[in-house]
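Report on the structure given below.
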Amino acid sequence: GGGGGGDSPSTPAPTPDSTPDSSPPPGGDADSDSADADSFCDEYDTNAALSSDYAIGMVIFTILMNVSLKGISKALSQLQAPHSFTALEKSITRKLTYSITINMVFLPIALTADVAKLSWMPLMFDGDLSDTDKNWYQGYCNKFSQVALTNAIVMPLTAGVPVLKWWIGKAIKGGLAKTQYALNKAYAPPQYEMSQRAAIFSATLIYSLLFSSAVPLVYPYLMAMCGGFLLMDRLVLAQFCATPPRYRGRICAFVIHSVPLGVLMHFALAVYTFGARDLPSYVFGSGETGEWQDYGTTLTKDSQADIGARVTRVNGLIPLLLFVMTGAGMILFYGGLYLKKIAKRENGVEVKPLEGAPPFAVALQDGLVQGLPSYELYDHPEYAELFPKGHAVCKGL
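Residue numbering for the sequence shown follows this note's numbering, starting at 2 and increasing by one per position.
What follows is the structure, given as structure tokens:
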């Protein structure tokens with residue numbers, strides 16, 4: 002019979018030497034892979050957030066610096082005690098133009114560029130960007146574009162700050178005025194800041210022309226800033242500001258003369274941006290294009306100072322030719338202006354036209370002036386001792 006108590010065939014009980022294999026299958030543990038992916042994504046998201054925060058902080062800092070430079074340039078120019086209003090305005094324009102240009106161009110480049118020959122400078126030229134490659138576009142140019150866009154929006158709005166300060170001061174001081182003089186001073190309209198306006202436009206023009214080969218968006222930014230200034234001037238100047246004094250045109254001449262400099266700098270940077278190795282280009286002679294040589298097996302880069310490698314490419318040669326033509330034109334033009342200025346001098350002294358009066362030779366011929374060699378105050382016998390020729394006190398008189 003059959004129903005004995007014998008053991009039926011079954012899987013033998015595991016022994017210590019035959020424990021089930023707990024190692025992951027050949028494909029790997031899905032949970033572990035998911036954790037690694039999450040960790041990688043978290044790290045990427047954190048770096049992206051930090052990069053965005055850094056960009057926002059840099060934009061805010063640059064804008065605050067540009068606005069602060071307006072007041073600093075004006076204060077420094079006033080400390081020089083200029084002898085005329087024109088000299089004061091010209092000094093403010095120059096200082097503010099140079100300051101904004103340095104803050105927008107040279108300082109960021111010095112902090113982000115990696116230039117071995119200049120790395121001895123403290124905190125400068127020891128960055129991560131060694132060439133005008135994709136990292137330069139994604140890093141520096143991206144942040145520069147954000148700052149330029151913010152400038153185009155903020156700078157025209159700052160033109161209304163003097164009016165806002167005047168309106169608040171009038172509301173506060175007007176009711177507290179004890180004398181007619183204090184009341185007149187409280188209600189005196191603000192001055193139109195021609196020097197600061199010209200300096201901002203000149204600096205914007207320079208850095209826009211400089212980086213337009215790499216960041217073409219600066220052109221619509223510049224147009225937006227011009228439109229913003231136009232609207233603010235129609236509101237601020239026509240409605241609130243005092244009538245500006247008569248200018249001699251030196252500030253406008255400074256802005257006009259900054260254009261050739263910006264064009265020259267534009268072509269200089271274009272040699273590097275367009276002549277970069279990783280941009281497709283026709284080449285001359287032994288020139289090379291493309292970073293990967295030997296059928297894509299060798300990564301090759303140009304040396305920072307190797308301009309010759311860049312100009313062997315058509316993309317780099319054309320900006321170089323335009324740079325030479327622009328530089329030669331500037332030398333001829335400004336050399337001619339200098340020679341013309343020397344030709345107008347009499348006995349080594351520059352003869353400046355007197356506003357509202359005919360030239361001295363014409364006035365002497367028509368009998369309008371008698372007994373004096375020129376319009377200069379130091380040539381008048383009654384004032385020669387008080388205003389000696391060549392003394393600093395005679396400057397602007």
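Ideal Cβ placement from N, Cα and C applies to all residues, glycine included.
The structure presented is a predicted model; accordingly, all values stated were derived computationally and were not measured.
Check your understanding: How long is the line joining the alpha carbons of Pro157 and Gly337, rounded to whole angstroms?
Key -> The count along the sequence shown starts at 1 and reaches residue 157 at position 156. The count along the sequence shown starts at 1 and reaches residue 337 at position 336. Taking the straight line from one Cα to the other gives about 37 Å.
Review point. In whole angstroms, what separates the C-alpha of Lys166 from that of Ala187?
Key: Sequence index remark: in the sequence shown, residue 166 carries index 165 (1-based). Sequence index remark: in the sequence shown, residue 187 carries index 186 (1-based). For Lys166 and Ala187, the distance between alpha carbons rounds to 11 Å.
Check your understanding: If Ser282 and Thr274 are in contact, beta carbons under 8 Å, what's the gap, nearest whole angstrom?
Key -> Taking the sequence shown and counting its residues from 1, one reaches residue 282 at position 281. Taking the sequence shown and counting its residues from 1, one reaches residue 274 at position 273. No, Ser282 and Thr274 are not in contact; Cβ-Cβ is about 12 Å, not under 8 Å.
Practice item. Pair every Cβ in the stretch 224 to 237 with every Cβ in the stretch 146 to 160, then say whether three or more of these pairs are closer than 8 Å. Key: yes
**Study point:** Coarse secondary structure for Ala187, derived from DSSP in three states
**Key:** Locating residue 187 in the sequence shown gives position 186, where the first residue counts as 1. Residue state, collapsed to three classes: helix.
**Study point:** Residues sharing a beta bridge with Val284, DSSP
**Key:** What you label residue 284 is simply residue 283 of the sequence shown in a count that begins at 1. For Val284, which the question treats as bridged, DSSP gives the partners Arg314.
Check your understanding: Met233 lies in the alpha helix (DSSP H); which residues open and close that run?
Key -> In the sequence shown, residue 233 corresponds to position 232, counting from 1. From DSSP, the alpha helix (DSSP H) with Met233 extends over 219 to 240.
Check your understanding: Would Arg235 pass as a contact of Val272 if the rule is Cβ separation under 8 Å?
Key -> Counting from 1 along the sequence shown, the entry for residue 235 is found at position 234. Counting from 1 along the sequence shown, the entry for residue 272 is found at position 271. No, these two residues do not count as a Cβ contact at 8 Å.
Check your understanding: By DSSP, does Ala344 sit in helix, in strand, or in coil?
Key -> Here residue 344 is taken as the residue at index 343 of the sequence shown, counted from 1. Reduced to three states, the DSSP call for Ala344 is helix.
Practice item. Return the CA-CA distance between Lys71 and Thr113, expressed in angstroms with no decimal places. Key: Numbered from its first residue, the sequence shown carries residue 71 at position 70. Numbered from its first residue, the sequence shown carries residue 113 at position 112. Their Cα atoms are separated by approximately 25 Å.
**Study point:** Beta-carbon proximity of Ile101 to Ile201, cut-off 8 Å
**Key:** Translated into positions along the sequence shown, residue 101 becomes position 100. Translated into positions along the sequence shown, residue 201 becomes position 200. The answer is yes: Cβ separation under 8 Å.
**Study point:** Nearest candidate by alpha-carbon position, reference Gly161, set Gly250, Pro246, Ala358, Leu238
**Key:** Within the sequence shown, numbered from 1, the residue matching residue 161 stands at position 160. Nearest C-alpha to Gly161: Leu238.
Check your understanding: Can you list, in chain order, the residues of its chain whose CB lies under 7 Å from that of Trp137, leaving out five sequence neighbours each side?
Key -> Position 136 of the sequence shown holds residue 137. Excluding positions up to five away in sequence, the list reads Leu130.
**Study point:** For Leu108, the nearest candidate out of Ile343, Gly276, Tyr141 (CA to CA)
**Key:** Here residue 108 refers to the residue found at position 107 when the sequence shown is read from its first residue. Considering only alpha carbons, the answer is Tyr141.
Practice item. With a threshold of 7 Å, establish whether the CB of Ile61 neighbours any heavy atom of the ligand SAM. Key: You won't find the ligand SAM in this model; it holds no ligand whatsoever.
Point to revise | Residue nearest to Lys171 in terms of C-alpha spacing, selected from Gln181, Lys179, Pro190, Ala82 | key: As a working mapping, residue 171 is identified with position 170 in the sequence shown. Residue Pro190 is the option with its Cα nearest to Lys171.
**Study point:** Own chain, CB closer than 8 Å to Val264, minus 5 neighbours either side, in chain order
**Key:** As a working mapping, residue 264 is identified with position 263 in the sequence shown. Answer for Val264: Leu210, Thr327, listed in chain order.
Check your understanding: With C-beta atoms as the reference, is Ser259 less than 8 Å away from Ser203?
Key -> Start at 1 with the first residue of the sequence shown, and residue 259 comes out as number 258. Start at 1 with the first residue of the sequence shown, and residue 203 comes out as number 202. Going by C-beta atoms, Ser259 is nearer than 8 Å to Ser203.
Practice item. Pull up the distance between the alpha-carbon of Pro389 and that of Leu206, whole angstroms please. Key: One-based indexing of the sequence shown puts residue 389 at position 388. One-based indexing of the sequence shown puts residue 206 at position 205. Between Pro389 and Leu206, the C-alpha separation is close to 42 Å.
Review point. Under the rule that 16 or more other beta-carbon atoms within 10 Å means buried, what is Tyr193, buried or exposed?
Key: Taking the sequence shown and counting its residues from 1, one reaches residue 193 at position 192. Burial call: buried.
Check your understanding: What is the rounded straight-line gap between the Cα of Asp380 and the Cα of Val370?
Key -> Counting from 1 along the sequence shown, the entry for residue 380 is found at position 379. Counting from 1 along the sequence shown, the entry for residue 370 is found at position 369. About 13 Å.
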